[in-house]
Each structure stands twice: as C-alpha cells, then as structure tokens.
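Student:
Number of protein chains: 2
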Amino acid sequence: MLGEHVSDWGQLITRSADEHRRRGIDVREQTEVVGIDLAAQRVHWRAGSSGAEGVEPYDLLAYTTGAHDVRPDLPGLDLGYPVFTPRQAMQLGGRLPPVQRALVVGGGYIGLEMVEAMRARGIATTLITRSAHCLRRTFDPEMATQVESVIESMQVDFRPATPLQAIERSSDAVVAHTARGEIETDIVILAIGSAPTVELAQAAGISLGETGAVAVDHEQRTRIDGVFAAGDCAEAWDVVGRRWSNWHLGTIANKAGRVAGRNVAALSRGDPLERFPGASGTTIVRLGEFELARTGLLESDARAQGFQIDTQQVETRQIAGYMPGASPLHAKLIFARDSGRVLGGQIVGQRGAGKRIDVVATAVMYGLTLQQLVDADLAYAPPFSPVWDPVQTAARAALQDQSRGSGTA
Amino acid sequence: MLGEHVSDWGQLITRSADEHRRRGIDVREQTEVVGIDLAAQRVHWRAGSSGAEGVEPYDLLAYTTGAHDVRPDLPGLDLGYPVFTPRQAMQLGGRLPPVQRALVVGGGYIGLEMVEAMRARGIATTLITRSAHCLRRTFDPEMATQVESVIESMQVDFRPATPLQAIERSSDAVVAHTARGEIETDIVILAIGSAPTVELAQAAGISLGETGAVAVDHEQRTRIDGVFAAGDCAEAWDVVGRRWSNWHLGTIANKAGRVAGRNVAALSRGDPLERFPGASGTTIVRLGEFELARTGLLESDARAQGFQIDTQQVETRQIAGYMPGASPLHAKLIFARDSGRVLGGQIVGQRGAGKRIDVVATAVMYGLTLQQLVDADLAYAPPFSPVWDPVQTAARAALQDQSRGSGTA
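Top line first, the protein sequences correspond to chains A and B. Counting from 1, position 305 in the first sequence corresponds to residue 305 in the working numbering; the numbering is continuous, with no gaps. Counting from 1, position 51 in the second sequence corresponds to residue 1051 in the working numbering; the numbering is continuous, with no gaps.
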C-alpha cells in the first residue's frame, strides 16, 4: 500500500464480513462495544452509523481489541494530515498526496518500514530517534549500527538521540522542533510505538499483567471465568525470558487468537482446551536491499535478567562467496555461558539473509545448544548459502572461543 | 562456471596449496597415492609430472578420496567431448564450444543442475531419465511431478522412463539410442550418479560398509587403528533412518572432514575426540525460477523401513498472497503416525521457498513433533512469508487431519 506493492486495502483482508456470515458468524460492523458487564455477562454496544445502542448477552467472551498507535503529548501534535501515525498512513495508502520531504519519528520496526515506503516513493526522508540507536528494543547496539549503515546507504538523513519536542505547522510546511534543532518537512509520520488496547477490559475489571496488557494463561483464559483474550491486547509467554510479555506481532496474535477461538468452542462443548506455549519475539523486516531479523533475548535484556551469557558476532556471506550477489551478512548469537544453550540471535544482511533466523528461533524455543546448531543438517547450494550456514558459522566461532577460554563476556 | 555465474575455476577453491603450505602443511600436488600399506604404516605414491615414485610413512592417516562420476558400460560410450560427465563439464566451463542442442542423461540433482546451466545458455535441452520420475532418490513421486512441471515450463524436452542404450557419433552430431527411440544432439552430459572412491581403501583392507563406502564411527575412525575417513568416500549416520548412509553432499563432507582432521590432531596430542553425529540428507537446488529442497526420509523409504507414518502435502504461498511475486509453494511432510515426530520434508516453490527446509531439517534431527513445528516462532513479514510459514501450514493441516481421524495412510 504505502510502499505501492499493494493497491487495494481490501486485498489485505483474509476473510470478509460476508464470508464470516456464510460460516454462521453474526458479524456486526461499525459497532463499538462501550462497556462489558462481567456480573451480568453482557456487553453494551453503540452502532457507529445510527448511534443506536444496545446490550448483547454472552456465555463466553473473547477480548481481542488489539493495539493502537501511541500518540505523544507534545505541543502542536494534533493528528491529521500532514501529521499522522503509521495506521493512518496505511489508510491513506495510494492517496498520499505527492510530497518532497518526510520526517519519520521513531526507529522501531514500523518506523523503518515507513522509511522504506517513503524512500520507495523517492521522497527525501529524515528519521529521528529518541535513543542513540534505532531498533532499541529488538537489536543490540552493535547490530543496530549495521542497520544504521543501511539506513544511511538509502540516503536517509538519520539523526539519533534527537527527541521530538513540538510540531509547528505553516501554510506550506511543517517544522519539527527537536532537542537538536528544527527540521522542516512536508509530512510527519509518528511511529513511536503501539500500546495494548485495554481500556474496556480495565473498566470491566479484567486483570492486566505487569506489561499493562491483559493477563492470560496458556489457554488464553483471563482471570475472569469464561473470558478469553488474545492478540496485541494480551500478554504471551516469553519462552526464553521465562516471563509474560506483550508483543504486537501478527504471528503471535494469529496463533494465540486461534487457540482462544478454538478454546471458546471447546469450552462450550466440554472438550479439552488447546494451549499456546508462547513465543520468542521473532521478527523480520525488509529495509531497502537488506533484511533484518531477530529472535529471543537481547544481550542487554539477558544480562538485566541475570542470565550468565556470552555472545558471538560474525561477518560472513548469505550465499557462496564466489556467486554474483554475495554480500556481507552480520549475525550475532546470545547463549548461556555454561550450557551453550542458544537464547537469542540477530541477523542483518541482503537477500536470503533474514529467514535464517527461523533456525535460531527453533533452537531458542526448543532449548538447542551451540553444538546442536553446528550439527544441524542445513541446506547448502551456492545460490542459497555458504557450505556452513551463517548461523552455524556464528555457533562454531562461539564454541571455538569457548574452548580457547576467551568468551566475550 | 557452466551456468556462467563464475568465470574462473580458481574462485571455487577456498584455500590454495600455497595457503596450506603457509600454515605448515606439506602439500604434494599431482601426486597420486597408488597403495596403502597398513601393516608398515606407509603410502606408496607416484608423481604425475615426473613419474617418480616413493613411499611416505604415517602415524595417522585420513582417507578422503571423495567420489567419482559413474560411467555406464554402454556401446559407444567413450568419454571425451562431445560426450562427458558433469565433472568434465565443469572443467570445460566457459570453454564449452557453442552448441545448439544438449542431451542430459539422468534426473538427479546434478542432472537438473546441468539442465539449469544449459537452459541458462539458451541451449535446446532434452532430459532423459531411466525412472518414471526425476529425483527418484530424493523426492516422492507427487513432489517430483511438481518438479517436472517446472522442467517443462523451462522448455526442456523431458522424457522419463527412457533408458539410454548406446551412443553413436557422426561428424556433426551425436545420436543417443534409447529404449524409446533415437535422440539427435550436439553434446551428451552423463549425469547418472556418483560413487564413493574406495579402490585404494579396499585394496589395503580398510572395511567398507553396506553402502559400499568406507565404514566409520562417529569419530570418523575406520575399522583400522589410526586410520580416519570422511567425505563422499565414507559413510555417515542417518539420524532419522537410524542407519549408515553414503551421501555425496558438501555440507556433510565438510562437517565430517572437519571432525576427522581435528581428531587426527587430537589423537596425536592425546586430546578427547570430537564427534560427528550424522545428518538427514538435506539438500537444495535451484531450477530456473524454482527452488527444490528436501530433508530426511522419503515416504517410500520410511514405509520400506517399517516406520508407521502418515504424510501431509499442502499448496500454499512462499510470501503473503497479496504481495507481488507471491507464487504457489508445495510442501510435504512425512511424520510418525503415533508420536507426530517429523521424519522428512520436501518443498518446491519460487524465490524464498527452499531454505525453509532448514526448520524441517532441524525438527527432523532433534526429534520435534508436528505440534512443536506449529508452535515454533518463525519470522513473518509480508515480503518473506505468509503469517503461517508454509512448513507450519503443512504441520497444522497434518494435525487437523489426525484429529479428524483421516490420516492419509
């Protein structure tokens, strides 16, 4: 859409309301739930079109409200074109008026996807981040540095450690005031994060977890009998950090939502419940010619949580070095110092680099060690990989350093 | 080289003889070992250039002679241009004279790579196979059928079940006689397989295994004290088939060779030996716009070995269906009927499809189940994957069929 790959918003919808209706599901569009009465087991709703209100009783309830863009409380920050969030940008899609300059605020995944989309349209783009590095929550600083080289190679004006302070609009431009001076631009995309949508749950008395998202168990049950929750609004178990987390990722929402839906049905039939064991926060994003992927614990998170870890970073290539298109691939592994158990990984490289994180994610989830990663029988042919897959090269280097007693910690 | 990706044979050599010498290794090029005297612990050699002969004593020996192309014993089959093997074709490389027509004999991986290289040069190509399907040893028939659609889409004249019987040369063409008639062509590439090079070992009295390759243990020791073997000439443990096998794959040769080399050094120092646990025969090959990948047991092998299995085949897409470039991906899983343990997998699809086999290979090696594959936290973004990775879609479909009691067996 914004990147002009997809022309129609409707293409992104897997099943339409009518398709759901044909499966016997009573879909009410443009109908907002304005309150949940847990004691009476009913929801209060208001129809967006007519303003009509009503109540709907339930036996079992699934709370799946998702997440919303965070909006900073800063002077001049009334939302609406030319200052908008990624969700609003997606809705604009192909109807984004032609502009020369864009300012993207925030260097998380969504911010980088916005940068990618702006550059694909040939728009001069500035990226500012509050922190010293982009991808602060998903990549360790030395890997983020690799990403920043990519950003700069895309002719993006990247300004780290530059918090936004205010926005000022004139008739023909927008001026962003930052801690490091003014930036004049045509549009501002505020990609500073998203938060679980929990207001209704909170008002009703459905417990939230420490993350601020709805607390659930592995069967997606909330603390209230008969009320399930799943998706960006709910917590999910971090299998490697061993704590409840709140990710806003399609994979996790899809899996947890599926378990919640099936468990609502199972409970109504008296069948055994299914279980969502959790996730490790695996993500991938495309940035220009590059692919960024990660899974599991960051080095900093692992240390903060008291894990005794070492790390290994290698530069190798994503395909056989003599093949056209071979280019540097940076990979980092985080692993338990004693057992060698793999706890996390990050990859930055060109075509074919990113999905390699899947083997690391599988290792992280099922407790595999560095040696088991080295011994895995991964696919090799020159157009696809060096003989030693990059994640194996990293694991092998880590084992060699360990046997030399020179761990990086 | 043959596909014109690589211009110089030397680019394919990881380390030159001089680089080895600088590391203190006494490299003798063009020096053939003509006999191994196990009792006296010495090898007899002959220098190819001078014809000089000599003996070299050893304390420890590594037998790493690799494999050679199989040459059928058929009338008219003197090798030499225009009738040659894949190894000879690679040596010709860029010096392959311009020709109009090529006949590739044999539909294994190497045969398909030859087809790929010929078509990349715009040469009209005929492929004949003895069996009813290509990739008989690596893909189940219904997946091979998908590959055959690809072959035919590349304007290759594919003729299965067409054994070669004789070759006849005239001044300006070659005529191949087959069980189904004559084929006139300019060159013939005989890609009918490779065999472990074991003559020296056999003559010396080093035991071979049931596969005909040198028998080794997990430390790469042969049955003779102080003699190690590794690579295409040696057996390797099939972790899923639970038997010794003989693969001719760079990954396995590299890993086993590394263990053999390190163990020769370790034994000379009295250090503990390393272990090569084995492999599952994971491979990937590019064919036109397509990627073919596989790991573990074939359905037919699994049944022949008495495994109680079911299988699941799905058609999905390699990236989000609404993205440009989205195209069908066929995936098949073979799994234990009772435990759901994943025993093998095969994938055929376009860009980005093939390396997905790595997660299946990891599952196969470490005994993961269908449910664990479904629960793996694999990376998703629209340019890289559907929300459910194709291997997870296959695993999920298998579980659904199982719970409906409708396994395909």
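Don't be surprised by glycine CBs; every beta carbon is placed ideally from N, CA and C.
Taking C-alpha atoms, which residue in Ile1025(B), Val1227(B), Gly1106(B), Asp1338(B) lies nearest to Ile1036(B)?
Tutor: Along the second sequence, one-based indexing puts residue 1036(B) at 36. Ile1036(B) has its Cα closest to that of Val1227(B), out of Ile1025(B), Val1227(B), Gly1106(B), Asp1338(B).
Student: Assuming Tyr220(A) contacts Ala230(A) under a Cβ cut-off of 8 Å, what Cβ separation, rounded to an integer in Å, is found between them?
Tutor: Position 220 of the first sequence, counting from 1, holds the residue named residue 220(A). Position 230 of the first sequence, counting from 1, holds the residue named residue 230(A). One point to set straight first is that residue 220(A) is Gln, not Tyr, in the sequence displayed. Contact holds; Cβ gap of about 5 Å.
Student: Can you list the residues of chain B that Gln313(A) reaches, using a CB-CB cut of under 8 Å?
Tutor: By 1-based counting over the first sequence, the position of residue 313(A) is 313. Residues of chain B passing the Cβ test: none, with the nearest at roughly 19 Å.
Student: Determine the extent of the beta strand (DSSP E) in which Thr85(A) is found, giving its start and end residues.
Tutor: Against the first sequence, residue 85(A) aligns to sequence position 85. Counting along the chain, Thr85(A) falls outside any beta strand (DSSP E), and DSSP gives it neither H nor E.
Student: I need the straight-line Cα distance from Gly1024(B) to Gly1281(B), nearest angstrom please.
Tutor: Taking the first residue of the second sequence as 1, we reach residue 1024(B) at position 24. Taking the first residue of the second sequence as 1, we reach residue 1281(B) at position 281. C-alpha separation (whole angstroms): 34 Å.
Student: For Gly1231(B), which of helix, strand or coil comes out of DSSP?
Tutor: Taking the second sequence and counting its residues from 1, the one referred to as residue 1231(B) is at position 231. Reduced to three states, the DSSP call for Gly1231(B) is coil.
Student: Beta-carbon within less than 6 Å of Ala1102(B)'s beta-carbon, same chain only, minus the 5 sequence neighbours each way: which residues are those?
Tutor: Here residue 1102(B) refers to the residue found at position 102 of the second sequence. Excluding residues within five positions, the ones whose Cβ falls inside 6 Å are Met1118, Ile1123, Thr1125, Ile1187.
Student: Would you mind reading off the limits of the alpha helix (DSSP H) that contains Pro1097(B)?
Tutor: As a working mapping, residue 1097(B) is identified with position 97 in the second sequence. Neither: Pro1097(B) is in no alpha helix (DSSP H) and is coded neither H nor E.
Student: Using Cβ-Cβ distances below 9 Å, what residues of the region 277-291 of chain A are close to chain B?
Tutor: The region 277-291 of chain A vs chain B, Cβ under 9 Å: Pro277, Gly278, Ala279, Ser280, Gly281, Thr282, Thr283, Ile284, Val285, Arg286, Glu291.
Student: Per DSSP, what kind of secondary structure is Ala1431(B) in: helix, strand or coil?
Tutor: Not covered by the structure: residue 1431(B). The range shown for chain B is 1001 to 1409.
Student: Answer with yes or no whether the minimum CB distance from Phe384(A) to chain B is below 8 Å.
Tutor: If you number the first sequence from 1, residue 384(A) lands on position 384. True, the Cβ-Cβ gap to chain B drops below 8 Å.
Student: Does the CB of Val387(A) have a neighbour CB from chain B at under 8 Å?
Tutor: Locating residue 387(A) in the first sequence gives position 387, counting from the first residue. Chain B, which has a Cβ nearer than 8 Å to the Cβ of Val387(A), makes this yes.
Student: Would Leu1074(B) and Leu1164(B) qualify as a contact pair, given that the criterion is a beta-carbon distance under 8 Å?
Tutor: Translated into positions along the second sequence, residue 1074(B) becomes position 74. Translated into positions along the second sequence, residue 1164(B) becomes position 164. For Leu1074(B) and Leu1164(B), yes; Cβs fall inside 8 Å.
Student: How would you label Leu1079(B), buried or exposed, when you count the other beta carbons within 10 angstroms and need 16 or more for buried?
Tutor: Position 79 of the second sequence, counted from the start, is the residue given in the question as residue 1079(B). Looking at its Cβ environment, which holds fewer than 16 other Cβ atoms inside 10 Å, Leu1079(B) is exposed.
Student: State the start and end residues of the unbroken alpha helix (DSSP H) segment that holds His20(A).
Tutor: In the first sequence, residue 20(A) corresponds to position 20, counting from 1. It spans 17-22 - the alpha helix (DSSP H) in which His20(A) sits, taken as one unbroken run.
Student: Smallest Cα separation from Gln1372(B): which of Ala1353(B), Leu1399(B), Thr1031(B), Leu1190(B)?
Tutor: Here residue 1372(B) is taken as the residue at index 372 of the second sequence, counted from 1. Residue Leu1399(B) is the option with its Cα nearest to Gln1372(B).
Student: Quick one: is Gln202(A) buried, meaning 16 or more other Cβ sit within 10 Å of its Cβ, or exposed?
Tutor: Here residue 202(A) is taken as the residue at index 202 of the first sequence, counted from 1. Exposed, because fewer than 16 other Cβ atoms sit within 10 Å of the Cβ of Gln202(A).
Student: Could you list the residues in the region 1348-1366 of chain B with a C-beta less than 9 Å from some C-beta on chain A, going in chain order?
Tutor: Arg1351, Gly1352, Gly1354, Lys1355, Arg1356, Ile1357, Asp1358, Val1359, Ala1361, Thr1362, Ala1363, Val1364, Met1365, Tyr1366
Student: List the DSSP bridge partners of Trp237(A).
Tutor: One-based indexing of the first sequence puts residue 237(A) at position 237. For Trp237(A), which the question treats as bridged, DSSP gives the partners Trp244(A).
Student: Using a threshold of 8 Å, state whether the C-beta atoms of Ile192(A) and Gly106(A) are closer than that.
Tutor: Here residue 192(A) refers to the residue found at position 192 of the first sequence. Here residue 106(A) refers to the residue found at position 106 of the first sequence. It is a contact, given that the beta carbons lie within the stated cut-off.
Student: With DSSP run on the structure shown, which of helix, strand or coil describes Ser194(A)?
Tutor: In the first sequence, the residue the question calls residue 194(A) occupies position 194. DSSP places Ser194(A) within a strand segment (E or B) once states are collapsed to three.
Student: I'd like the span of the beta strand (DSSP E) that includes Leu373(A), first residue to last.
Tutor: Translated into positions along the first sequence, residue 373(A) becomes position 373. It is not in any beta strand (DSSP E) - Leu373(A) instead sits in the alpha helix (DSSP H) that spans 370-375.
Student: Look at the alpha carbon of Trp45(A) and the alpha carbon of Glu199(A), and state the distance between them as a whole number of angstroms.
Tutor: Taking the first residue of the first sequence as 1, we reach residue 45(A) at position 45. Taking the first residue of the first sequence as 1, we reach residue 199(A) at position 199. Distance between the alpha carbons of Trp45(A) and Glu199(A) is about 15 Å.
Student: At a CB-CB cut-off below 7 Å, which residues of chain A make contact with Asp1037(B)?
Tutor: Translated into positions along the second sequence, residue 1037(B) becomes position 37. Per Cβ cutoff of 7 Å: no residues; Asp1037(B) is ~34 Å from chain A at best.
Student: At which residue ranges does the region 325-362 of chain A contain complete beta strand (DSSP E) runs of 3 or more residues, listed in the order of the chain?
Tutor: 328-336, 342-350
Student: Measuring CB atoms only, is the region 304-323 of chain A touching the region 255-271 of chain A, in the sense that at least three cross pairs come out at less than 8 Å?
Tutor: no
Student: Could you list which residues in chain B have their beta carbon closer than 7 Å to that of Gln372(A), in chain order?
Tutor: The residue given as residue 372(A) occupies position 372 in the first sequence. Within 7 Å Cβ-Cβ: Tyr1366.
Student: Of the residues Arg1286(B), Leu1092(B), Val1083(B), which one's Cα is nearest the Cα of Ala1108(B)?
Tutor: Residue numbering aside, residue 1108(B) sits at position 108 when the second sequence is read from its first letter. Reading off the sequence shown, one finds Gly at residue 1108(B), where the question assumed Ala. Ranked by Cα distance from Gly1108(B), the options Arg1286(B), Leu1092(B), Val1083(B) are led by Arg1286(B).
Student: Could you tell me the boundaries of the beta strand (DSSP E) in which Asp1310(B) lies?
Tutor: Taking the first residue of the second sequence as position 1, residue 1310(B) is located at position 310. Per DSSP, Asp1310(B) belongs to the beta strand (DSSP E) from 1309-1317.
Student: Taking 8 Å as the cut-off, decide whether the C-beta atoms of Val175(A) and Ile151(A) are in contact.
Tutor: Translated into positions along the first sequence, residue 175(A) becomes position 175. Translated into positions along the first sequence, residue 151(A) becomes position 151. No, the pair does not count as a contact, with Cβ atoms beyond the cut-off.
Student: Just the C-alpha distance for Val83(A) and Leu92(A), rounded to the nearest angstrom, thanks.
Tutor: Translated into positions along the first sequence, residue 83(A) becomes position 83. Translated into positions along the first sequence, residue 92(A) becomes position 92. Spanning the two alpha carbons is a distance of roughly 12 Å.
Student: Which chain A residues sit within Cβ distance under 9 Å of Gly1093(B)?
Tutor: Here the question's residue 1093(B) lines up with position 93 in the second sequence. Going along chain A, no residue has its Cβ under 9 Å from Gly1093(B), so there is no contact; the nearest lies around 13 Å.
Student: Cβ closer than 9 Å: which chain B residues qualify as neighbours of Ala380(A)?
Tutor: For the purposes of this step, residue 380(A) is identified with residue 380 of the first sequence, where counting begins at 1. The sequence shown places Tyr at residue 380(A), not Ala. By Cβ distance, chain B contributes Leu1249, Gly1250, Thr1251, Asn1254, Thr1282, Thr1283, Ile1284.
Student: Measuring CA to CA, which of Ile224(A), Ile128(A), Asp157(A) is closest to Thr178(A)?
Tutor: Position 178 of the first sequence holds residue 178(A). Out of Ile224(A), Ile128(A), Asp157(A), Ile128(A) has the C-alpha closest to the C-alpha of Thr178(A).
Student: Could you spell out where the alpha helix (DSSP H) holding Ala40(A) opens and where it closes?
Tutor: Position 40 of the first sequence holds residue 40(A). Here Ala40(A) belongs to no alpha helix (DSSP H), and DSSP marks it neither H nor E.
Student: Using beta carbons (cut-off 8 Å, strictly below), is Ala1132(B) in contact with chain A?
Tutor: In the second sequence, the residue the question calls residue 1132(B) occupies position 132. No, Ala1132(B) does not count as interfacial toward chain A.
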